[in-house]
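What follows is a set of notes on a single structure, which appears directly below.
Number of protein chains: 2
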Amino acid sequence: MAELGYRLIRDEILERISRGEWAPGSLLPAEADLAKEYDCARGTVNRALQSLAEEGIIERKRRAGTRVKALPARKAKFEIPIIRLDVESTGAVYKPKVILRRKTLAPAAIVKSMRLRAGTRALHLQTMHLASGRPYAFEDRWVNLKAVPDILNAPLDEISANEWLVRYAPYSSGEVSFSAASASEREASMLQTPIGSALFAVDRMTWLGEVYITFMKLYYKPGYKMRTNI
Amino acid sequence: MAELGYRLIRDEILERISRGEWAPGSLLPAEADLAKEYDCARGTVNRALQSLAEEGIIERKRRAGTRVKALPARKAKFEIPIIRLDVESTGAVYKPKVILRRKTLAPAAIVKSMRLRAGTRALHLQTMHLASGRPYAFEDRWVNLKAVPDILNAPLDEISANEWLVRYAPYSSGEVSFSAASASEREASMLQTPIGSALFAVDRMTWLGEVYITFMKLYYKPGYKMRTNI
DNA sequence: CAGTGGTCTAGACCACCAG
DNA sequence: TGGTGGTCTAGACCACTGA
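If you read the sequences in order, they're chains L and R. Just so it is clear: in the first sequence, position 107 is 105 by our numbering, and no numbers are missing. Just so it is clear: in the second sequence, position 221 is 219 by our numbering, and no numbers are missing.
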């Protein structure tokens, strides 16, 4: 039964799991046996199974073999969105508008979470992301000037701080969290929505090596949804 | 420069990108050249680069070569959470409580999105997810009884519908979306929070092949955050 | 201890597509 | 059309760990 591509083998194995041939918790045949069955090299089966393991469908251990996960937690992949592309994909015209841009002492909470030295000055930015002139999202951001001093010279009304940072320090790691927030007076007036509206909020902190770069809070206009497939 | 493992090569290449050796948009050396540089087989470099491509760091095209993405959209992976495990990881005791369980005509919106036949009866379930007796999340779900008739016999006060479905039809595909919602009277009373509170909401629809299985809306108690790393 | 998955190798063929 | 990445192969050695 010669197949074309490890993807086909992966899909076929996935279907056999779906049909119940291998129940959650049970053991799959060894790679060598599957290779014989599919008449291919073991390496091909290995790639197929590694792919399923990455998706969270199966668990693999040396010597113990490959098992269907007892509680298959399917993993969803989200692209951390670049707002400009998000907006433009709806056909609207994107424009960032800087509301506040001030070099100032960072408040205690920011100093702590970004591990700055006490008394450090940081760049505080507030930006409205506009879609064809209408509010799309409101961003509140702190930037560590020790890490990226050049941002002071960036034309942030043409390119958003997010995109600027992505170009300057592109491959930092970070933490992201999603939540719901009630619009305070500030967010409400920015997004032109009543106080107390439910807003989808994204928090993001990024760093490069040991150096914290930026902390950002983003509030989307009411009705925003973040979608993906599993 | 013999390395141990394609992961090391991947990390090293990532670091070279971070340091700016290859800027966003620029071309990386061909696999064969990198293999020579790292003194390993091309297959090893290939695995390293495929891994970076999956993470959204680079783009690869036959003949055109490998480029650092111009706008590196780092991908975040979220595990679609199983609420019981979520709750238990906080040290609380999980308990699902069925509020409503009724075989009934599906409303038009559900019929349409689940592609049921008009006049089909479906199972309507409302479940409170409790953490040590306190409200954690409220779930509103429709189940296609043609797809999983056996759910009528499931002990849904012991195992949540979600987990039951995961065991019965574990490897369906689906769509997920995250949003913020204002608590209606129903959600507010369920979650013991004021009407209008901002709730983190998850919509999920799953199917197996051509058959739609279930549509679910989940409202978390105020303050819930969904976290991940990038 | 022995069987499993993890990984590397050297070579091969092919699909794709930019020059 | 030639150089690129995508993939397969057959074999090998090793790390891990359950019986």
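Using N, Cα and C, we set each Cβ at its ideal position, and we do this for glycine too.
- Under the 8 Å criterion on CB atoms, L:Lys93 is classed as non-interfacial with respect to chain R.
- Within the model, the alpha-carbon separation for L:Thr102 versus L:Thr118 is close to 8 Å.
- The beta carbon of L:Phe136 sits closer than 7 Å to those of Met126, Glu185, Met188, Leu189, Tyr217, all from its chain and outside the five residues before and after it, given in chain order.
- Spatial neighbours of R:Ile228 in its own chain (CB-CB distance under 7 Å, excluding positions within 5 residues in sequence) are listed in chain order as Arg72, Ala74.
- Per DSSP, R:Met188 is one residue of the alpha helix (DSSP H) stretching across 183 to 189.
- For R:Arg202, DSSP records a beta bridge to R:Val174, R:Met214.
- Interface annotation, R:Asn227: in contact with chain L, CB-CB separation under 8 Å.
- At a Cβ-Cβ threshold of 8 Å, L:Leu98 and L:Leu123 count as neighbours.
- Among the residues of chain R, those whose CB is under 8 Å from the CB of L:Met224 are Ser175, Phe176, Ser177, following chain order.
- Among the bridge pairs identified by DSSP, R:Val66 is matched with R:Ile56.
- Inter-segment contact for the stretch 0 to 19 of chain R and the stretch 35 to 51 of chain R is present: three or more beta-carbon pairs are separated by less than 8 Å.
- Excluding its 5 nearest sequence neighbours in each direction, R:Gly23 has C-beta neighbours in its own chain below 7 Å: Arg65, Val66, Ala68, listed in chain order.
- Nearest to L:Arg113 by alpha-carbon distance, out of L:Met224, L:Arg132, L:Phe213, is L:Phe213.
- Here the alpha carbons of L:Ser171 and L:Leu206 stand approximately 6 Å from one another.
- Note: L:Asn227 is bridge-paired with R:Glu173 in the DSSP secondary-structure output.
- DSSP places R:Ile97 inside the beta strand (DSSP E), whose first and last residues are 92 to 103.
- For the set R:Thr191, R:Glu13, R:Ser111, the Cα lying nearest the Cα of R:Glu208 is the one of R:Ser111.
- Between the C-alpha atoms of L:Ala159 and R:Ile108 there is a straight-line separation of about 41 Å.
- With contacts defined as CB atoms closer than 8 Å, L:Ile55 and L:Leu12 qualify as a contacting pair.
- Taking a contact as a CB-CB distance under 8 Å, the pair L:Tyr134 and L:Lys219 counts as one, their CB atoms being some 6 Å apart.
- Among the CB atoms of chain L, none fall inside 8 Å of the CB of R:Phe213.
- Between R:Ser177 and L:Tyr36, the C-beta gap is not smaller than 8 Å, which leaves the two residues out of contact.
- Beta bridge pairing from DSSP links R:Arg119 with R:Leu103.
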